[in-house]
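Take a look at the structure below.
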Amino acid sequence: MTKKLYSASEIAQMRLKGLPTSRDNIRIRAESEGWYREEQTGRGGIKWVYEIPPRYIAEGSPSEESNVAGTIVAGSSAIDLQKLQMVETVLEEALRARGLEIDPARRGAVVAFLYDYAMKGGNQDGILMAIKALVA
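With this note's numbering, the residue at position 51 of the sequence shown is 99, and numbering never jumps.
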């Protein structure tokens, strides 16, 4: 497993259960709990990046190793925007070609399912087959 390090701002935006949601409070928590951290130098100067302790990851946060279908979470930096846009485009074109519409209340679940499939290696042809099965 590759160690993932995040800035305090990134961790705050993840809104992980049991963690504060502000950058400053993340820094305070990391310091008080002795989180692993590294110093990074960039254009803006020096910043600290932290490894999130496993106890917070295990409490329902998205993980790169998770195989749960449809795990798209707001604020997650793990979303591949190009794949998500590809899924939306393929879905919209397939529905338009068949003269179909998806109930807006169900659309999110369909997009999440197809995105999950794409993230696990599915291509456009496979997504089209999945859409055909869904509308059959």
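Glycine residues also receive a C-beta, built at the ideal position from the N, C-alpha and C atoms.
Who are the near neighbours of arginine 75 in its chain, counting only those whose CB is closer than 8 Å to its CB and skipping five residues on each side?
-> Locating residue 75 in the sequence shown gives position 27, counting from the first residue. Cβ within range, chain order: Ala56 and Trp96.
Does DSSP classify isoleucine 94 as helix, strand or coil?
-> Position 46 of the sequence shown holds residue 94. Isoleucine 94 falls in the strand class under three-state DSSP.
For serine 55, does the three-state DSSP call read helix, strand or coil?
-> Here residue 55 refers to the residue found at position 7 when the sequence shown is read from its first residue. Correct three-state label for serine 55: strand.
Please check if any C-beta of chain C sits within less than 8 Å of the C-beta of isoleucine 127.
-> Considering every chain present, this structure includes no chain C. It has just one protein chain.
Taking the Cβ atom as the reference point for each residue, do leucine 53 and glutamate 81 lie within a distance shorter than 8 Å?
-> Here residue 53 refers to the residue found at position 5 of the sequence shown. Here residue 81 refers to the residue found at position 33 of the sequence shown. Not in contact: leucine 53 and glutamate 81 (Cβ atoms no closer than 8 Å).
Give the single residue among Leu143, Glu141, Ala153 and Ala160 whose Cα lies nearest to the Cα of leucine 132.
-> Along the sequence shown, read from residue 1 onward, the residue named residue 132 stands at position 84. Among Leu143, Glu141, Ala153 and Ala160, the Cα nearest to that of leucine 132 is on Ala160.
Who are the Cβ neighbours of valine 183 in its own chain at under 7 Å, not counting the five residues just before and after it?
-> For this step, residue 183 is matched to residue 135 along the sequence shown. The answer, listed in chain order, is Arg146 and Leu148.
Using the rule of at least 16 other Cβ atoms within 10 Å of the residue's Cβ for burial, across every protein chain shown, is methionine 177 buried or exposed?
-> If you number the sequence shown from 1, residue 177 lands on position 129. Flag for methionine 177 reads exposed.
What do you get for alanine 78, buried or exposed, if any count of 16 or more other CB atoms within 10 angstroms of its CB means buried?
-> Locating residue 78 in the sequence shown gives position 30, counting from the first residue. Buried.
Looking only at its own chain, which residues have a Cβ that is under 7 Å from the Cβ of glutamate 87, when we skip the five neighbours before and after it?
-> Along the sequence shown, one-based indexing puts residue 87 at 39. Contacts found: Ile94 and Trp96.
So is leucine 162 buried or exposed if we call it buried at 16+ other beta carbons inside 10 Å?
-> Here residue 162 is taken as the residue at index 114 of the sequence shown, counted from 1. Classification of leucine 162: buried, given that the 10 Å Cβ count is 16 or more.
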